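If you count by full-length UniProt numbering, then the sequence shown holds residues 1 to 474, one letter each, in order. Here is the structure we will look at.
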Amino acid sequence: MNHLARRFRALPIRSRLALLVAAAVAFAVAAVSVTCWFVVRGKLYDEIDDNLGGGNVQVALADVRPTLQNCSQTPHAPPGIGPSIRSYKQLVTSDGDACVFNDSAGAVRITAADVKVAETAEGEARFRDGKDSEGNDVRVMTAPLAEGVALQFAFPLKDTRSTLNELALLLLIVSGVGVVGAGAAGLAVARAGLRPVDKLTEAVEHVARTEDLTIRIPVEEDSDDEVARLSHSFNSMTSALASSRDLQQQLIADAGHELRTPLTSLRTNIELLTRSEETGRPLPEADRKALLASVKAQMTELAALIGDLQELSRPDTGQHSAARAQVIAFHETVDSALRRARLRGPELTITADVHPWYVRAEPSALERAIVNILDNAVKFSPESGTIEVHLADGTLTVRDHGPGIPADELPHVFDRFWRSPSARALPGSGLGLSIVARTIQQTGGEVSLRPARNGGTVATVRLPGAATPPPEVP
């Protein structure tokens, strides 16, 4: 049985569907055919039983005494009565003898049940299948007639059995045709229904073979069945994969471009230092210190760039971010970021108006995002400028008085490696605001930049939370 099940599962799905349809139709046709056969058989037997019991007893009463007196198991047909006689008529005695009427077609074999009817001489007529003396099938009725005597009528079943056999053959042929037709129809339906699945399979195999993510499966616009939804899902998946691969390639290209600049400068400075040592002509002390300071700055820039790339390589969503998230005091995170910003811009005036606010986020990622926002404000603020920081009801605003951002550049400020043409001479990788946008979105908030009145830029961060700590925060 398990072997058959394994072989069935190994068949193509369209073959399995065709077999299942054929099996279901075969079962239904078999049930209907068997039921039909038994119904017809019952009707034919009822008709024979009605003929056996309808008025024949009264007709035969006049011949009962002569038949008993001249009891014989061989009929003596009167002149003119011969092979056309079809019915059997005989008396059954309590001794188990059969007395056949002269107009009977022959003798019927007696059973113990027939003798019992003769002995009791009471009750209703009984019907059974039996055989005559020559072994032919007959339908027998045994009715009590008098004490010690029962009357039997029988009718041959040859024609009835022939009719039932022909009906069985006809039903078998019809059932076979129906099963074959159902199997063919099931195979045709399976092929038609699975044609979209075949296209999907071909598309998947094509993608696996060629890594071509531009392939799409055509789907009817008004179709909403399971196959259409599967096709839509596949198209969406390949589109998302293509977009992800494009972003990955763009990230690699941009990262390579950004890494090339500090690495080239670093290699040039190191080659100068090496050449001065090899030639025995050391650089002047002032030039050497400037060169080492440049190397240190380039190393710092390179380390910061690698850190930003590592931050962006983390998954945007999923269990990792959710597992690291916890309820934190947003205002304390802002205070910590302000302390770092004041160290980086000691000549600037940074004012802060921070009110309590509690959010669920990853502490280190959120602090890094706020630090990046403040770093931008410090970087673009003029000397002795002012930066205004305000936090209330979950909305953090950072306003600087720098040159501001042109309106045509605002849509690109959160793109990876994008830097304003006016800011490309300044240190930075162009990844800071990308990290900010991703972190704030993971926390369930939103971030935006807009020009401020009288010059400068306003960065706004909105995070969901509460002004009071939840029970799990001490």
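C-beta: ideal position from N, C-alpha, C; glycine also. Since this is a predicted model, take the numbers as computed values, not measurements.
Measuring CB to CB, does residue i end up less than 8 Å from residue j?
i	j	result
threonine 397	alanine 459	yes
phenylalanine 38	serine 87	no
proline 99	leucine 145	According to the sequence provided, residue 99 is cysteine. The question's proline does not apply to it. Contact: no.
alanine 125	alanine 143	yes
leucine 366	threonine 443	yes
alanine 121	glutamate 147	yes
glutamine 326	arginine 275	no
phenylalanine 330	leucine 463	yes
phenylalanine 127	aspartate 50	no
proline 382	glycine 402	yes
leucine 433	valine 413	yes
valine 73	alanine 105	A small correction: the amino acid at residue 73 is glutamine; valine does not occupy that position in the sequence shown. No.
valine 378	valine 354	no
alanine 190	alanine 30	no
isoleucine 328	valine 295	no
serine 384	glutamate 347	yes
Nearest by alpha-carbon distance to residue i: which of the options is it?
i	options	result
isoleucine 373	Leu169, Asn454, Thr238 and Asp400	Asp400
arginine 139	Asp159, Gly123, Thr120 and Glu122	Asp159
aspartate 408	Arg450, Ser381 and Leu19	Arg450
alanine 112	Asp415, Ala150 and Asn102	Ala150
tryptophan 357	Thr351, Gly394 and Val389	Gly394
alanine 290	Gly186, Leu273 and Ala377	Leu273
arginine 376	Val354, Arg344, Asp353 and Leu391	Per the sequence shown, the amino acid found at residue 376 is asparagine instead of arginine. The shortest C-alpha separation from asparagine 376 is found at Arg344.
valine 237	Gly404, Leu391 and Ala203	Checking the displayed sequence, the identity of residue 237 turns out to be methionine instead of valine. If we check each option's Cα against that of methionine 237, Ala203 comes out closest.
isoleucine 215	Glu226, Ala228 and Leu200	Leu200
serine 336	Thr349, Glu362, Arg324 and Arg368	Arg368
alanine 208	Ala190, Val189, Val180 and Leu241	Leu241
threonine 268	Gln298, Ile173, Arg245 and Ser364	Gln298
valine 92	Gln249, Leu283 and Met141	Met141
isoleucine 217	Thr210, Glu226, Glu211 and Ser233	Ser233
alanine 352	Leu391, Gly455 and Ser364	Leu391
glutamine 441	Ile13, Asp132 and Glu362	Glu362
isoleucine 110	Gly445, Pro66 and Ser133	Ser133
arginine 195	Arg161, Asn165 and Leu230	Leu230
serine 364	Thr349, Ile435, Asp415 and Lys89	Ile435
aspartate 46	Ser15, Asp103 and Phe155	Phe155
isoleucine 306	Leu263, Glu332 and Glu278	Leu263
leucine 302	Glu278, Leu20, Ser265 and Glu277	Ser265
Using DSSP's beta-bridge definition, name the partner residues of residue i.
i	result
histidine 390	Asp353 and Thr397
alanine 154	Tyr88 and Val140
proline 451	Thr457
valine 149	Thr93 and Ala146
alanine 466	Tyr358
glutamate 446	Arg462
Roughly how far, in whole angstroms, is the beta-carbon of residue i from the beta-carbon of residue j, given that I think they are within contact range, below 8 Å?
i	j	result
glycine 96	valine 115	5 Å
serine 33	serine 175	5 Å
glycine 183	alanine 22	4 Å
valine 25	glycine 178	6 Å
arginine 340	valine 389	The Cβ separation is near 13 Å, so there is no contact.
threonine 163	leucine 52	Not a contact, Cβ separation roughly 18 Å.
cysteine 36	leucine 157	Incorrect: roughly 19 Å between the Cβ atoms, too far for contact.
histidine 206	aspartate 212	6 Å
CB of residue i to nearest heavy atom of the ligand GTP: below 7 Å?
i	result
histidine 390	By its list of ligands, the structure shown contains no ligand whatsoever, and the ligand GTP lies outside what it can speak to.
For residue i and chain D, any beta-carbon pair shorter than 8 Å?
i	result
threonine 397	Absent here is chain D; the protein component of the structure consists of one chain.
Self-check item: Ranges of the alpha helix (DSSP H) found wholly within the segment 73-131, counting only runs of at least 4
Solution: Counting only runs that start and end inside the segment 73-131, the alpha helix (DSSP H) elements of at least 4 residues fall at 112-120.
Quiz prompt | Complete alpha helix (DSSP H) runs within the segment 314-386 (minimum length 4 residues, chain order) | solution = Within the segment 314-386, the complete alpha helix (DSSP H) runs of at least 4 residues are 319-324, 330-344 and 363-380.
Quiz prompt | Ranges of the alpha helix (DSSP H) found wholly within the UniProt domain "HAMP" (191-246), counting only runs of at least 4 | solution = Counting whole runs of 4 or more residues, the UniProt domain "HAMP" (191-246) contains no alpha helix (DSSP H) stretch at all.
Self-check item: Complete beta strand (DSSP E) runs within the segment 277-305 (minimum length 3 residues, chain order)
Solution: None, since the segment 277-305 contains no complete beta strand (DSSP E) of that length.
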